[in-house]
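In the numbering used here, the protein residues as written are 64 to 386. Just so it is clear, CB atoms sit at the ideal spot from N, CA and C, and this is done for glycine as well. Every value quoted in this text rests on a predicted model; they were computed, and no experiment measured them. A short write-up of the structure that comes next.
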Ligand SMILES: C[S@@+](CC[C@H](N)C(=O)[O-])C[C@H]1O[C@@H](n2cnc3c(N)ncnc32)[C@H](O)[C@@H]1O
């Protein structure tokens, strides 16, 4: 009798065959892509993680369907990693395009089928809806804090293109204090500098490693946040970074970090076809990252989720007497 993993693989091969046939015959209907995402996610849940990573993902990439899916400029950019890593700021621009009307130029190079696939992968899929919802949470907090604190000083760590800034009227009206945008990717910072420098945003090239080693010392901020970063950090590094973020705050300041949750049904497609591997965390797992923070420096700690229930946020408020 077949092992469960063999059965899952055989079932999945049939799904891949059906998807390839449907895409070639009718184009990328939303339903076709939705079924693919769902079936891949179900398989990922059925098989042990090592079988998924070593066997199933390989089978997905060898199947002719991969060639069709890689006509999608969004999927293919993550897979080929022109900046050396999958989740770069251009990829995020694809996801924000539905709200920002700013499609990256490489979208033009996609085939008709590729553009249809791209519509689903970058706009309709659960993971990309979560990314836009995550940004809305940050925009809301940024605007509420800016309204309550004149001259609010802000630090965005792993800022990418800092696209949330375009929805912060206080920035355009000169009502914010310092706004520091930190990222390791100089190409992304060049965009920040060009588009947001005139509004007072200061880009700074630095990596998490440099921050943790104390090679870049940052302090006195009212609000520090990181989105699209903790999903890459293992627990020990993530904990140490929380300690650093706390030290960057002025007394009474807050830091906020986001993490995509394990329920995100885009995870399997991202791993199989985009070669994009995140560390997914539940609210409880995210909360545990704050365990090593010194009690005397912390006023409040809370976790909450976005409106879709796909992204968890950890928010820590520094004590008014905190160091
Ligand atoms: C998924 S993007 C998120 C961009 C933006 N925060 C957003 O939510 O739209 C991830 C960003 O994290 C940056 N990044 C990843 N690892 C980093 C590290 N170790 N140090 C500094 N930046 C990092 C990347 O350069 C990239 O711009």
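With a threshold of 16 other CB atoms inside 10 Å of the CB of residue 117, please say whether the residue is buried or exposed.
-> Translated into the one-based positions of the chain shown, residue 117 becomes position 54. Exposed.
Within the same chain, show all residues whose beta-carbon is closer than 8 angstroms to that of residue 225, passing over the 5 residues directly before and after it, in chain order.
-> Translated into positions along the chain shown, residue 225 becomes position 162. Hits under 8 angstroms: 219, 244, 255, 259 and 264.
Hey, would you say the C-beta of residue 251 is under 7 angstroms away from at least one heavy atom of ligand 1?
-> Here residue 251 corresponds to residue number 188 of the chain shown, with the count starting at 1. Correct: residue 251 has its Cβ closer than 7 angstroms to ligand 1.
Between residue 177 and residue 141, what straight-line distance do the alpha-carbon atoms span, to the nearest angstrom?
-> On the chain shown, residue 177 is found 114 positions in, with the first residue counted as 1. On the chain shown, residue 141 is found 78 positions in, with the first residue counted as 1. Approximately 14 angstroms, taken between the alpha carbons.
Taking residue 184 and residue 128 to be in contact with their CB atoms under 8 angstroms, please state how far apart those CB atoms are, rounded to whole angstroms.
-> On the chain shown, residue 184 is found 121 positions in, with the first residue counted as 1. On the chain shown, residue 128 is found 65 positions in, with the first residue counted as 1. Actually they are not in contact, since the Cβ atoms of residue 184 and residue 128 sit about 13 angstroms apart, beyond 8 angstroms.
For residue 219, does the three-state DSSP call read helix, strand or coil?
-> If you number the chain shown from 1, residue 219 lands on position 156. Residue 219: strand per DSSP, three-state reduction.
For my contact list, residue 207 and residue 374 are in at a C-beta cut-off of 8 angstroms; report their separation, rounded to the angstrom.
-> The residue you call residue 207 lines up with position 144 of the chain shown. The residue you call residue 374 lines up with position 311 of the chain shown. In fact, because the Cβ distance is near 18 angstroms, the residues do not count as touching under 8 angstroms.
Taking DSSP as the reference, what is the three-state secondary structure of residue 368?
-> If you number the chain shown from 1, residue 368 lands on position 305. In the displayed model, residue 368 falls within a strand according to three-state DSSP.
Selected residue, minimal CA-CA separation from residue 151, among 199, 223 and 193 = As a first step, residue 151 must be located in the chain shown, where it is residue number 88. Closest by alpha carbon: 223.
Span of the beta strand (DSSP E), counted from its first residue to its last, around residue 378 | Taking the first residue of the chain shown as position 1, residue 378 is located at position 315. Run containing residue 378: 374-381, per the beta strand (DSSP E) assignment.
Assuming residue 137 contacts residue 154 under a Cβ cut-off of 8 angstroms, what Cβ separation, rounded to an integer in Å, is found between them?
-> The residue given as residue 137 occupies position 74 in the chain shown. The residue given as residue 154 occupies position 91 in the chain shown. That pair is a contact at about 7 angstroms.
Beta-carbon contacts of residue 336 that lie in its chain and below 6 angstroms, excluding the five residues immediately before and after = The residue given as residue 336 occupies position 273 in the chain shown. Close CB contacts of residue 336 within its chain, under the 6 angstroms cut and outside five residues either way in sequence, are with 132 and 138 (chain order).
Is any heavy atom of ligand 1 found at a distance shorter than 7 angstroms from the C-beta of residue 247?
-> Taking the first residue of the chain shown as position 1, residue 247 is located at position 184. Residue 247 Cβ: within cutoff of ligand 1.
Can you give the Cα-Cα distance for residue 279 and residue 97, rounded to whole angstroms?
-> Your numbering for residue 279 matches position 216 in the chain shown. Your numbering for residue 97 matches position 34 in the chain shown. About 44 angstroms.
Specify the secondary structure class of residue 64 as computed by DSSP and reduced to three states.
-> If you number the chain shown from 1, residue 64 lands on position 1. Its pLDDT being 40, under 50, residue 64 is placed unreliably in this model, and the coordinates cannot settle the point.
Assess, as a yes-or-no matter, whether the stretch 298-311 is touched by the stretch 187-205 under the definition of 3 or more beta carbon pairs within less than 8 angstroms.
-> No: the two stretches stay apart, fewer than three of their Cβ pairs being nearer than 8 angstroms.
Nearest to residue 230 by CA position, among 181, 144, 194 and 162, is which residue?
-> Counting from one through the chain shown, the residue named residue 230 turns up at place 167. Per the Cα distances, 162.
Can you tell which of 209, 241, 250 and 248 has the C-alpha that lies nearest to the C-alpha of residue 232?
-> Numbered from 1 along the chain shown, position 169 holds the residue referred to as residue 232. Comparing Cα-Cα distances from residue 232 to each of 209, 241, 250 and 248, the minimum goes to 209.
Write down the C-beta distance between residue 100 and residue 328 rounded to the nearest angstrom, noting that I regard them as a contact closer than 8 angstroms.
-> As a position in the chain shown, residue 100 is number 37, starting the count at 1. As a position in the chain shown, residue 328 is number 265, starting the count at 1. At roughly 6 angstroms, the Cβ-Cβ gap stays under 8 angstroms, so residue 100 and residue 328 are in contact.
Please list, in chain order, all residues of the same chain as residue 95 whose beta carbon is under 7 angstroms from its beta carbon, the five residues on each side excluded.
-> One-based indexing of the chain shown puts residue 95 at position 32. 82, 85 and 86, listed in sequence order.
Answer yes or no: the CB of residue 187 versus the heavy atoms of ligand 1, is any distance below 7 angstroms?
-> By one-based count along the chain shown, residue 187 stands at place 124. Checking the Cβ of residue 187 against ligand 1 gives no.
May I have the straight-line CA-CA distance separating residue 64 from residue 339, to the nearest angstrom?
-> Indexing the chain shown from 1 puts residue 64 at position 1. Indexing the chain shown from 1 puts residue 339 at position 276. Unreliable positioning characterises residue 64 in this predicted model, as indicated by a pLDDT of 40, which lies under 50. A coordinate reading is not provided.
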